[in-house]
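Visitor:
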Amino acid sequence: MCGIVGYIGRRDATPVLIQGLKRLEYRGYDSFGIATVGSAIEVYKKMGRISDGEAGVVGLHGCTGIGHTRWATHGEPSDINAHPHTDCTERIAVVHNGVIENYSELKRQLQARGHTFRSETDTEVIVHLIEERYDGDLLAAVNATLPLLEGSYAILAIAEDTQRIVAARDASPLVLGVGDAEIFAASDMTPLLEYTERVIYLEDGDVADITSDRLNIFHGGRKVERPVELISWCVEDTRKGGFAHYMLKEIFEQPQSFYETIRAGIEDHVQQMVTEAGEITLVACGTSYHTALIFKYLAEALCNVPVRVEMGSEFKYFTPPLHGLVIAVSQSGETADTIAALKMAKARNCPTLAITNVMGSTVTRVADKTLIMRAGPEIGVAATKSYTAQLAALMQILNVRREGAFDDILSHAHLAISEVLLREIKEAVNLCSKAEHVFFVGRGAFYPVSMEGALKMKEISYVHAEGYAAGELKHGPFALLTEETPVVAICTPGPTYSVMASNIKEMKARKAPVIGLGVEGDKELAEIVDIFIPIPNTHLLVQVLTASVALQLLAYHTACALQRDVDKPRNLAKSVTVE
Ligand code: GLU
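Positions 217 to 795 (the working numbering) are the ones given, in order, by the sequence shown.
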């Protein structure tokens, strides 16, 4: 959600900033802008996509600059509200990710002292506060401003006549890239990949004073050392590689990312933590919430351990009594609600584990221990390979608790995923792309799989979809079933097979066309549904994966048929870094 980039060094800053912002586009944004230190502070900002507005940046000069993609929280998306924001004298420019919660009070005070505001954003108070405290020392002015701010921020500030960037973070992500006589700053590592593999993850409360050849980091007014870490991702991972969309590429990368996550295993100290847990609570949002629910069904059935799943956004305000291990699941590691929940679990002395795709991200810093999934960079806004990699990480926890009982199954699961990638689903796509509403239903672990299938469908195709526990449909939603309301039903062998088959017949009796997902060779199911999508006849753990991948493909091709912007769905952001 929103992106920040900064550059200081020997290159012309503008192309580096624009390229960096493009790399961050996947996070979601509504407007963009950059500011450089040329002969004065030079600013260009524009509503809309970078590719539509970037021609306007040609007049900007200088080797020091900051850039921003905005995801509006205060003030509508517009040219004026886009960042960077400048002070009254236009000597200082700031970009900001996050929310300044006490901005209206600060704004009133600043206006009373004669400051003129141009935008409706909360961010603008920051630059006016810095202006009041600036006497040529930007670091001192930023340091004097930060204690006045309540809320969350990652900030980059520049001022005229000084080749330096001052960066600060609190509860919003910010990473520095260390090059050869040049330094980069960004919300995540993707803009840095083509320039350097050496990164420094700033901690909450850090302030960095950056020139091209010197980097000083302060915390609580004291100079601190932060380790330089090496990134394992490479720039090729962030390219589309011949696929029509990042999402399709990422769907096809799943056999590999699943396998890599399994192959990486679980470190001994994490194994010990998950084995000792008498109860497990997972906190997560969105797609990660669905993987957590799948884990609950699997863990309770296969490992006999009680599992509770909480939404990050609810947990903070309605915290349940907590016992045992708390696991936070977040693809980006920056999900604000999940981080808040994690902090509360720590405050209650629960052992905490983070499952994330991004080493060095905030959850890895907050949790006691981390289990990294190996999905590599995921650029498509809709989670696909990070979802299956999360399942890989969570299934390893089951495997550890069952002393390796699933070793064989998990190390071959990628083969079944590869098979499903080749399924012919045109007929099902045709049906869904003509529908206004689609239901997804399943039982047990396939219930959250259905919820995820519905989420994928609505987020990228904008077709309204609901994921339901199959038995619940008759307690209300049946009223909506017509010949124009397809139902995607997952029905695999097991204790609920025959009740699922009855549910499907009930839906058919209400004239709903049914797309059935079942195991290869299931003639009985193939006969009762309108369209049959086979998945390999394997272990439950693998069926959960293959059914999910089939539903990703259904959502993807439906979105393409409806000519949606698959990689950048409207109104959505990749990593949701505000509450
Ligand atoms: N709250 C700020 C605004 O609305 C920053 C939003 C963002 O993080 O992009 O301008």
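Glycine included, every Cβ here is placed at the ideal spot set by N, Cα and C.
My guess is that residue 425 and residue 382 are in contact by the Cβ rule of under 8 Å, so how many angstroms apart are they, rounded?
Guide: As a position in the sequence shown, residue 425 is number 209, starting the count at 1. As a position in the sequence shown, residue 382 is number 166, starting the count at 1. So it is a contact: roughly 6 Å between Cβ atoms.
Visitor: Beta-carbon separation of residue 356 and residue 278 under 9 Å?
Guide: Here the question's residue 356 lines up with position 140 in the sequence shown. Here the question's residue 278 lines up with position 62 in the sequence shown. In this structure, residue 278 does not lie closer than 9 Å to residue 356 by Cβ.
Visitor: What are the start and end residues of each continuous beta strand (DSSP E) run of 3 or more residues lying completely inside the stretch 379 to 436, in chain order?
Guide: Listed in chain order, they are 391 to 394, 399 to 402, 414 to 417, 422 to 427 and 430 to 435.
Visitor: So within the stretch 471 to 510, which uninterrupted alpha helix (DSSP H) runs reach at least 4 residues, ignoring any that extend past its ends?
Guide: Fully enclosed alpha helix (DSSP H) runs of 4 or longer: 484 to 492.
Visitor: Taking the alpha-carbon positions, what's the residue 613 to residue 448 distance?
Guide: Here residue 613 refers to the residue found at position 397 of the sequence shown. Here residue 448 refers to the residue found at position 232 of the sequence shown. Those two C-alpha atoms are separated by around 24 Å.
Visitor: From the DSSP secondary-structure annotation, give me the bridge partner or partners of residue 655.
Guide: On the sequence shown, position 439 is the one that residue 655 refers to. In DSSP, residue 655 forms a bridge with 682 and 703.
Visitor: Do residue 540 and residue 494 have their C-beta atoms closer together than 9 Å?
Guide: Taking the sequence shown and counting its residues from 1, one reaches residue 540 at position 324. Taking the sequence shown and counting its residues from 1, one reaches residue 494 at position 278. Their beta carbons are under 9 Å apart, which means residue 540 touches residue 494 by this criterion.
Visitor: Looking only at C-alpha atoms, which of 649, 632 and 682 sits nearest to residue 758?
Guide: Here residue 758 corresponds to residue number 542 of the sequence shown, with the count starting at 1. Minimum Cα distance to residue 758 is reached at 632.
Visitor: By alpha-carbon positions, which one of 749, 736, 741 and 325 ends up nearest to residue 755?
Guide: Counting from 1 along the sequence shown, the entry for residue 755 is found at position 539. If we check each option's Cα against that of residue 755, 736 comes out closest.
Visitor: Under the criterion of a Cβ to heavy atom distance below 8 Å, does residue 678 qualify as lining the ligand GLU?
Guide: In the sequence shown, counting from the first residue as 1, residue 678 sits at position 462. Checking every heavy atom of the ligand GLU against the Cβ of residue 678, none is found closer than 8 Å.
Visitor: Am I right that residue 590 and residue 500 are in contact with their C-beta atoms under 8 Å? What's the rounded C-beta distance?
Guide: Looking up residue 590 in the sequence shown gives position 374. Looking up residue 500 in the sequence shown gives position 284. The Cβ separation is near 19 Å, so there is no contact.
Visitor: Quick one: which unbroken alpha helix (DSSP H) runs of 4-plus residues sit fully inside the stretch 328 to 365? Chain order, please.
Guide: Runs of the alpha helix (DSSP H) inside the stretch 328 to 365: 340 to 349 and 354 to 361.
Visitor: Is residue 315 near the ligand GLU, going by C-beta to nearest heavy atom under 8 Å?
Guide: Reading the sequence shown from its first residue, position 99 is the one you call residue 315. Yes, Cβ of residue 315 sits closer than 8 Å to a heavy atom of the ligand GLU.
Visitor: On a Cα-Cα basis, can you pick out the residue from 423, 394, 429 and 544 that is closest to residue 446?
Guide: In the sequence shown, residue 446 corresponds to position 230, counting from 1. Residue 394 is the option with its Cα nearest to residue 446.
Visitor: For the beta strand (DSSP E) containing residue 310, list its first residue and its last residue.
Guide: Taking the sequence shown and counting its residues from 1, the one referred to as residue 310 is at position 94. Residue 310 -> beta strand (DSSP E) spans 308 to 316.
Visitor: Is there at least one non-hydrogen atom of the ligand GLU closer than 8 Å to the beta-carbon of residue 291?
Guide: For the purposes of this step, residue 291 is identified with residue 75 of the sequence shown, where counting begins at 1. For the ligand GLU, at least one heavy atom lies less than 8 Å from the Cβ of residue 291.
Visitor: Between the Cα of residue 326 and those of 653, 464, 315 and 347, spot the shortest distance and give me the residue it belongs to.
Guide: As a working note, residue 326 is residue 110 in the sequence shown. When each option's Cα is compared against that of residue 326, the closest is 347.
Visitor: What residues match up with residue 734 in a beta bridge as DSSP calls it?
Guide: Locating residue 734 in the sequence shown gives position 518, counting from the first residue. DSSP output for residue 734 lists 750 as bridge partner(s).
Visitor: Using DSSP with H/G/I as helix, E/B as strand and the rest coil, what is residue 782?
Guide: Counting from 1 along the sequence shown, the entry for residue 782 is found at position 566. Correct three-state label for residue 782: coil.
Visitor: At 3 residues or longer, what runs of the beta strand (DSSP E) sit wholly inside the stretch 526 to 580?
Guide: Within the stretch 526 to 580, the complete beta strand (DSSP E) runs of at least 3 residues are 541 to 546 and 568 to 572.
Visitor: To which residues does DSSP link residue 248 through a beta bridge?
Guide: If you number the sequence shown from 1, residue 248 lands on position 32. 262 and 285, per the DSSP bridge assignment.
Visitor: Taking all protein chains shown into account, decide if residue 683 is buried (16 or more other Cβ within 10 angstroms of its Cβ) or exposed.
Guide: As a first step, residue 683 is located in the sequence shown; it is residue number 467 there, counting from the start. Residue 683 comes out buried.
Visitor: Taking residue 592 as the reference, which of 581, 607 and 575 has the closest Cα?
Guide: Indexing the sequence shown from 1 puts residue 592 at position 376. When each option's Cα is compared against that of residue 592, the closest is 575.
Visitor: Considering only C-alpha positions, which residue in the set 649, 341 and 520 is nearest to residue 364?
Guide: Here residue 364 corresponds to residue number 148 of the sequence shown, with the count starting at 1. It is 341.
Visitor: Quick one: what's got a C-beta closer than 8 Å to residue 568's C-beta in the same chain, skipping five residues either side?
Guide: What you label residue 568 is simply residue 352 of the sequence shown in a count that begins at 1. Cβ within range, chain order: 541, 542, 543, 544, 558, 561, 562, 582, 583, 584 and 585.
Visitor: Roughly how far, in whole angstroms, is the beta-carbon of residue 423 from the beta-carbon of residue 359, given that I think they are within contact range, below 8 Å?
Guide: Numbered from 1 along the sequence shown, position 207 holds the residue referred to as residue 423. Numbered from 1 along the sequence shown, position 143 holds the residue referred to as residue 359. 6 Å between Cβ atoms; contact.
Visitor: So, residue 248 versus residue 226, is the Cβ gap smaller than 9 Å?
Guide: Here residue 248 refers to the residue found at position 32 of the sequence shown. Here residue 226 refers to the residue found at position 10 of the sequence shown. Going by C-beta atoms, residue 248 is not nearer than 9 Å to residue 226.
Visitor: Beta carbon of residue 253, beta carbon of residue 378: below 9 Å?
Guide: The residue given as residue 253 occupies position 37 in the sequence shown. The residue given as residue 378 occupies position 162 in the sequence shown. In contact: residue 253 and residue 378 (Cβ atoms closer than 9 Å).
Visitor: For the ligand GLU, is there a heavy atom less than 8 Å away from the beta-carbon of residue 338?
Guide: Here residue 338 refers to the residue found at position 122 of the sequence shown. Yes, the Cβ of residue 338 comes within 8 Å of a heavy atom of the ligand GLU.
Visitor: Is residue 551 near the ligand GLU, with its Cβ less than 8 Å from a heavy atom?
Guide: For this step, residue 551 is matched to residue 335 along the sequence shown. Not under cutoff, so the answer is no.
Visitor: On the DSSP bridge list, what partners appear for residue 445?
Guide: Counting from one through the sequence shown, the residue named residue 445 turns up at place 229. Note: residue 445 sits in a beta bridge opposite 415.
Visitor: Spatial neighbours of residue 375 within its chain, please: CB distance less than 7 Å, with the 5 preceding and 5 following residues excluded, ordered by chain position.
Guide: Taking the first residue of the sequence shown as position 1, residue 375 is located at position 159. Cβ within range, chain order: 307, 308, 350 and 354.
Visitor: Taking only heavy atoms of the ligand GLU into account, decide whether any of them is closer than 8 Å to the Cβ of residue 309.
Guide: Position 93 of the sequence shown, counted from the start, is the residue given in the question as residue 309. Residue 309: no, Cβ never under 8 Å from the ligand GLU.
Visitor: Output the distance between the C-alpha atoms of residue 700 and residue 234, rounded to the nearest integer angstrom.
Guide: For the purposes of this step, residue 700 is identified with residue 484 of the sequence shown, where counting begins at 1. For the purposes of this step, residue 234 is identified with residue 18 of the sequence shown, where counting begins at 1. Cα to Cα, the separation comes out at about 46 Å.
Visitor: Give, in chain order, every unbroken run of the beta strand (DSSP E) that is at least 3 residues long and sits entirely within the stretch 223 to 247.
Guide: Qualifying beta strand (DSSP E) stretches: none in this window.
Visitor: Just to confirm the assignment, what range does the alpha helix (DSSP H) spanning residue 774 have?
Guide: Locating residue 774 in the sequence shown gives position 558, counting from the first residue. It spans 756 to 777 - the alpha helix (DSSP H) in which residue 774 sits, taken as one unbroken run.
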